[in-house]
Ligand code: DQA
C-alpha cells in the first residue's frame, strides 16, 4: 500500500529552525527514516513538503486519484488557519493521522485550535520526530485491518 506524508510550511527549515522546540533533525532525516521503515514492510512511502497552501491541496487531490491508502499530515501553521486544506482532505476521503513535533497545547493559545483534529483518525503531538514514526506504525496497522 501507499502512504503519503505531507509537511506544511517552514518544516523545510527543520534542523536549524528553533531547535529547542523542533529538534536538530532535518526533514530529510525524518523522511528517509520513514521511507526505509515503510519499504522494509513492503509499503511505498511518498512525501512532500511545501510552503504553499495550493501545492499541498493539489497533492491531496492527486493522492485520491493515485490511490493513496493513508496520509500522515503535519499541516504546520496551516493547522490553525486552513479551511481549504481541511476541505481537500475531507474531499479525498483518505484517512490520516495529524502529527506535530511540538506540544501545541503547551504553547501560544492560537496553536490550540486545529482545523484537522476532529477529522483525523488520531493526533500525535509533543513527541518530536518520533511522532511520525508512531504515526507510520499506526497507519500500517490500520491499512492491514
Ligand atoms: C507544528 C506546530 C505548529 O503550530 C507550527 O506552526 C509549526 C509546526 C509542529 O510540528 O509542532 O510550524 O505543526
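Numbering (the UniProt record's numbering), first residue to last: 2 to 146.
Idealized CB from N, CA, C, for every residue including glycine.
Comparing alpha-carbon positions, which option in 27, 12, 38, 62 lies nearest residue 75? That would be 12, whose Cα lies nearest to the Cα of residue 75.
Between 114, 137, 145, 127, which has its C-alpha nearest residue 24's C-alpha? Checked all of 114, 137, 145, 127; the closest Cα to residue 24 is 127.
Stretch pair the region 50–62 + the region 84–91: three plus CB contacts closer than 8 Å: Taking 8 Å as the limit for Cβ pairs, the verdict is that the region 84–91 does touch the region 50–62.
Cβ-Cβ distance between residue 136 and residue 125 below 8 Å
Cβ distance < 8 Å, so residue 136 and residue 125 count as in contact.
Classify residue 114: buried if its beta carbon has 16 or more other beta carbons within 10 angstroms, exposed otherwise.
With fewer than 16 other CB atoms across the displayed protein chains lying within 10 angstroms of its CB, residue 114 is exposed.
What did DSSP end up calling residue 54 once you bin it into helix, strand or coil?
-> Residue state, collapsed to three classes: helix.
Check each candidate in 31, 104, 117 and name the one with the smallest Cα separation from residue 95. Restricting attention to 31, 104, 117, the CA atom closest to the CA of residue 95 is found in 117.
**Prompt:** Which one of 21, 72, 16 has the shortest CA to CA distance from residue 27?
**Reply:** The residue with the shortest Cα to Cα distance from residue 27 is 16.
Exposed unless 16 or more other CB atoms sit within 10 angstroms - verdict on residue 50:
Classification of residue 50: buried, given that the 10 Å Cβ count is 16 or more.
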